[in-house]
Structure formats: structure tokens, C-alpha cells
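Written out below as C-alpha cells is the structure these notes cover.
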Amino acid sequence: MKPSTGHYDHIIIGAGAAGLMLADAFGRDSYFRDKKILLLDKDSKNTNDRTWSFWEKGTGRFDDIVTKSWKNIFFGGQGFSAQFDISPYQYKLVRGLDFYRCYLDKIKTYPNIDLIHQEVTAINENKEGVTVTTTEKEYTGTRVFSSAFDFDALKNDSKYPLLQQHFVGWVVKTKAPTFNPDKAIFMDFSIPQKNNTRFMYVLPFSENKALLEYTLFSKDLLPLDAYENGIKDYLRDTYGCTDFEVLEKEKGSIPMTCYDFQSHNTKRIQFIGSAGGWTKPSTGYTFYNTSKKIAQIIPLIKENKPLTPLRPKRKFKFYDLLLLDILFAENHKGQYIFETLFKNRPPQLIFKFLDEETNLWEDFRFISGCPKKEFILALFKRMLRHI
Ligand SMILES: Cc1cc2nc3c(=O)[nH]c(=O)nc-3n(C[C@H](O)[C@H](O)[C@H](O)COP(=O)(O)OP(=O)(O)OC[C@H]3O[C@@H](n4cnc5c(N)ncnc54)[C@H](O)[C@@H]3O)c2cc1C
């Protein structure tokens, strides 16, 4: 039996994007001032392990830690390529480490929040509350919000297709001026597709420095050198650049699935962040959505209500499912689908749709901008499977 400490009203597991945003929301809100809150993470969060990007209209709450933003994006395809002015949106970039430092500093100023670096090994719920066991201690809480999730559970689910957005990113510094710092390369499908959905993503900080990510939407990960060679090839073929230094590296594999993550919620244990299904299945974008979801769950937590209403809106889940069905069955079709969409529709509509803010007419405009045959076929196949 491990030594037990005092009781907490709320225990947050994970001090990543969702855990830190939730802890900060608790800390800022006077309603929670007399509540004892514990934030647990196995990691000290002192490395720049990821870069978050998102689109946003005008100013926003992360602007103090935004490293760079772009008003123009480039979409590259095999037959169609274009640069777009995305106003009123901007595409913004936040470095993981800047976010961790900023939020951890804020959280340390909230007297009712304890931050402890320990690994959680078990969570047990009973009538009175929840016991959270770590490698060192046991903590009890009335309610637990967890961003730790066993993603292997997804692999056993046969209802929904499971793809991954997987990538390796390098921040490179080039000898010669190479990049256009005014334009983010949102998706460049001009690279060899090798029977998958593969694209390059380039966020230039200056003429000599950029983050380049070799990215796939597909079932299986590649060996590390396949992503790294993809970045080197792109630098050589697109920019004629072979003389560069790698300043930072990151990699990720984000599940793309319509799996019902919220079905794991219980009365006292709720999953947040990617573990709560806050990742957009068709794109892997999570960060900005997490900030929106946190704002939505605070009133529910105050009223001690379950977070179940936060399931994705049904119609958007269904649209995502159709795209995933197509890419799961015919992974090479991604380039054609995205290229057709960007050729036919403005990025402002695409962003609004991906933000799940479009009305039915706008849904129709978006969908009719996609290749029809593939989606109609996917629709019929899903109907036969009773969705
Ligand atoms: C490299 C990378 C780049 C990404 N880029 C973008 C992007 O540009 N835009 C976007 O919208 N999304 C992006 N994502 C997806 C998503 O935004 C991130 O994964 C985001 O960090 C998810 O937030 P989260 O809080 O759910 O999980 P995390 O931020 O991963 O936080 C989970 C936390 O839980 C802790 N933890 C896990 N298990 C335990 C345990 N047993 N005990 C204690 N602590 C535990 C971990 O240490 C971690 O700190 C990216 C992901 C990666 C990996």
C-alpha cells in the first residue's frame, strides 16, 4: 500500500495541451478558488517536443506565445497549385516549450493547484471517489480528468477505420536564403505519393529557417529514414538546397478515427484532449479545438454534469468518417481529394467546415467541392454497414 495524501476535488492527469489548459481555467476562475486541484504528469515538460499550429480569426488567447503567423498559405498538388490569402484567418504557430513554460508559470501562481511529477499507474473508481495510484503515492479525488489514454484500445475497434497522421519534422537553418517567410505551405502533394496520402508541410520562420514536416495520412508508420529522406529530397528538389543544419527534430503519430472516446467516461473519470476524442479525425488538428472544448466544459464541471454532450456533432463525425473510409480503402486518393477541394473551394470555407461551424448550405458547398464519385460510393458502403 502506497502512502496516501489529502483528498482533491479535481485531479488532472497529464500536463500537456489539455491538462494545462484545464488547470489554468480552474486557476483563473474564482468558482474553483476553494477547490483543491492536483495536476499530475510523469514528464517535466521542459523540452520542445512539438509545434502546434492552428488557424484563427484576428487576435486570440495564445498570441503572447505565438512565434509566427501567416496571412497566406500555399496548397500544392500534382495538377493544381495556388497561394491563398486566408483573411480574416491567420495561420499561427506556437512552440510546445513556450506553451509549457507559460502555462506552468501561471499554474504555479494558483495556490489551490498542486503540480506533481509522477507517473500514474492505476485509476480506481468507487462510490466515494477515485483513487489515483502513481509510482510513488496514492491520491484520492472526487473527479478525475485524464489526458492519458491507451491508444492500443483503438486497434481492437472494428467499427471505425483507423488511420494515423504520422510525420517527422525538422527545423532547419539553410546557408542561402531559401524560404518565403510570408507564406506557410499548408499541404504540398507534389511529392511522390507511393500509393499513400503523403504531403509536405513547411512553416518558414525566415528566409533561412523553417519547420518542414514529411506527413502521411495512412495506416502504418514508416521507418525513420523514410521521413527524413523525404525532407531532404524536398529541400533539394523544391528549393535546390542541400546545405543546411538541423536545429530541432520532432515526430508524431496522431490517431485519425471516429472512435467514440467519450464512451470510456464514467461518472467520475472523464477523458480530455486527444484521449477525449478532441482530435479532428480527418485532419489530426487538436490544439485549438482543445481550447474551445475547455471553455465549454467548465460550466458542466461547475454543475457536476457529465461531459458526454461534448461528443463531436453527428453530421461532422459522419463527414469525417466518409473521408476516413475512402483513405482507409484507397489510401492513394488523398492527393486527388484534397487537390479537387482546394481547386474548387476557398480555404476560408474549408477552415470553417473543419472547425465544424458551417451551416447546412455551407456543408453542401463544401461537399460538392469534393470528388463526387468517391464520396457517394463511401456513403452507400456505410449505409450498407448501418453506419
Ligand atoms: C509532434 C506533434 C505535433 C503536433 N502538431 C499539432 C498541430 O500543429 N496542431 C494541432 O492542432 N495538433 C497537433 N498535434 C496533435 C495534438 O495537438 C497534440 O498531440 C496535443 O499535445 C494533444 O494534447 P493532449 O493534452 O491530449 O495530450 P498531450 O499534450 O500529449 O498531453 C498528455 C500528457 O499526459 C502525460 N501522461 C501520459 N500518460 C501519463 C501517465 N500514465 N502518468 C502521468 N502523466 C501521463 C504525458 O506526459 C503528457 O504530458 C501534434 C502532436 C504531436 C505529437
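Its first residue numbered 1, the sequence shown is counted upward by one per residue in the working numbering. Note that beta-carbon positions come from the ideal geometry of N, C-alpha and C, so glycine has one too.
Check residue i in the structure and name its three-state DSSP category.
i: Leu377; result: helix
i: Lys2; result: Summary for Lys2: the model assigns pLDDT 48, below 50, so the residue's position carries little reliability, and this model does not support an answer.
i: Leu247; result: strand
i: Asp415; result: Any question about residue 415 goes unanswered here, given that the chain covers just 1 to 387.
i: Phe151; result: coil
i: His10; result: strand
i: Ser190; result: coil
i: Trp361; result: helix
i: Gln296; result: helix
i: Arg345; result: coil
i: Arg382; result: helix
i: Thr133; result: strand
i: Thr197; result: strand
i: Thr286; result: coil
i: Lys352; result: helix
i: Ser263; result: helix
i: Ser158; result: coil
i: Gly276; result: helix
Rounded to a whole number of angstroms, what is the C-alpha to C-alpha distance between residue i and residue j?
i: Thr257; j: Phe186; result: 22 angstroms
i: Thr140; j: His10; result: 9 angstroms
i: Pro371; j: Gln78; result: 16 angstroms
i: Phe271; j: Ser147; result: 6 angstroms
i: Lys333; j: Glu362; result: 24 angstroms
i: Ser274; j: Leu163; result: 14 angstroms
i: Phe80; j: Lys159; result: 35 angstroms
i: Lys352; j: Pro346; result: 10 angstroms
i: Thr283; j: Phe149; result: 20 angstroms
i: Ser190; j: Leu354; result: 23 angstroms
i: Ala153; j: Leu221; result: 18 angstroms
i: Phe32; j: Thr67; result: 32 angstroms
i: Glu56; j: Val94; result: 13 angstroms
i: Gly252; j: Trp52; result: 12 angstroms
i: Phe84; j: Phe75; result: 8 angstroms
i: Leu300; j: Leu307; result: 7 angstroms
i: Glu128; j: Ile269; result: 13 angstroms
i: Phe179; j: Lys280; result: 29 angstroms
i: Val132; j: Asn265; result: 15 angstroms
i: Phe62; j: Thr47; result: 19 angstroms
i: Arg236; j: Arg311; result: 44 angstroms
i: Tyr285; j: Ile254; result: 9 angstroms
i: Leu20; j: Asp105; result: 11 angstroms
For the alpha helix (DSSP H) containing residue i, name the first residue and the last one.
i: Arg28; result: Ala17 to Arg28
i: Arg101; result: Gly96 to Lys108
i: Asp182; result: First-last for Asp182: undefined, no H or E at that position.
i: Glu138; result: Looking at the DSSP string, Glu138 is not in any alpha helix (DSSP H); the run it does join, the beta strand (DSSP E), is Glu138 to Ser146.
Along the chain, where does the beta strand (DSSP E) that runs through residue i open and close?
i: Ala122; result: Val120 to Glu125
i: Gln270; result: Ile269 to Phe271
i: Asp114; result: Ile113 to Ile116
i: Leu163; result: Leu163 to Thr174
At 4 residues or longer, and completely inside the stretch 298–339: list those alpha helix (DSSP H) runs for me, N to C.
314–329
Minimum length 3: unbroken beta strand (DSSP E) runs contained in the stretch 28–93:
37–40, 51–57, 66–70, 72–76 and 81–85
With a threshold of 8 angstroms, are at least 3 pairs of Cβ atoms found where one atom belongs to the stretch 82–93 and the other to the stretch 64–74?
yes
Is the stretch 32–39 touching the stretch 111–123, taking contact as three or more C-beta pairs under 8 angstroms?
yes
Are the stretch 163–179 and the stretch 223–230 in contact at 8 angstroms, needing three or more beta carbon pairs?
yes
Note down, one range per segment and in chain order, each alpha helix (DSSP H) of at least 4 residues found wholly within the stretch 202–260.
224–239
Assess, as a yes-or-no matter, whether the stretch 96–104 is touched by the stretch 314–324 under the definition of 3 or more beta carbon pairs within less than 8 angstroms.
no
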